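Notes follow once the structure below has been shown.
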Amino acid sequence: MKKFKGRVIFSEDYQGEAVVSKQGFNTLASCQKSALIKTSKKIIVSDQNNSDLYKKNITGKILCLPETIGSTTGGMIIQTVAERNLAPKAFLFSKHIDPLAASGIILANVWNKVPIIAIDELGEEFLKEVKTGDTVKITSDGEVIIQ
């Protein structure tokens, strides 16, 4: 069991399955197929350039990543998939949260009343330790425990 402490953007007590990307998460490239198909029930990552996540389901998962990357539509994509109940349950950032991810997560939480946990500044060691499939426990004070 490893514990990490980050900065809370939005948090609550939660436990779930980790999905890990060691590289930046391109929200548009990853979610475009699921976000554009109205009948989608989950997001299967469609970004072929992210071998960590390609073809993995991230709906309701704890997405562990360094940062998001890509175009200025990133925040809108996060907010849209949240509105459709397709978003990850949590974004855990090893680095400082970027403005595009922050805007989408804030809009989902405030406008859509869809709680998305966001904790940043967990450090590089966090991404070295957490693996896809791990059970991760999140506390409301920003503690992240890899079980």
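Start counting the sequence shown at 2; every next residue gets the next number (my numbering). Even glycine gets a Cβ: it sits at the ideal position worked out from N, Cα and C. These figures come from a predicted structure and were not determined experimentally.
Integer Cβ distance of residue i from residue j, believed to fall under 8 Å
| i | j | result |
| --- | --- | --- |
| G61 | T69 | About 18 Å separates the two Cβ atoms, so there is no contact after all. |
| K132 | A19 | 7 Å |
| L64 | A83 | Not really, about 12 Å apart at Cβ, beyond 8 Å. |
| A119 | F11 | 5 Å |
| L87 | K114 | L87 to K114, Cβ: 15 Å. No contact. |
| G71 | A30 | 6 Å |
Buried or exposed (CB count within 10 angstroms, at least 16 for buried), residue i
| i | result |
| --- | --- |
| S95 | buried |
| N50 | exposed |
| G143 | buried |
| V111 | exposed |
| T40 | exposed |
Residue interval of the beta strand (DSSP E) (run including residue i)
| i | result |
| --- | --- |
| S66 | For clarity, residue 66 is Leu in the given sequence; the question names Ser instead. Counting along the chain, the beta strand (DSSP E) containing L66 begins and ends at 63 to 66. |
| I146 | 144 to 147 |
| K4 | 3 to 6 |
| K43 | Careful: K43 lies outside any beta strand (DSSP E) and carries neither H nor E. |
| G17 | 15 to 21 |
| T136 | 136 to 139 |
Bounding residues of the alpha helix (DSSP H) (the contiguous stretch that carries residue i)
| i | result |
| --- | --- |
| K129 | 125 to 130 |
Check: residue i C-beta below 7 Å from any heavy atom of the ligand ADP
| i | result |
| --- | --- |
| S141 | This structure does not include the ligand ADP; it has no bound ligands of any sort. |
Problem set entry | Segment contact flag, the stretch 40 to 57 with the stretch 13 to 29, C-beta cutoff 8 Å, min 3 pairs | yes
Problem set entry | Runs of alpha helix (DSSP H) wholly within the stretch 74 to 123 (minimum 4 residues, chain order) | 75 to 84, 100 to 111
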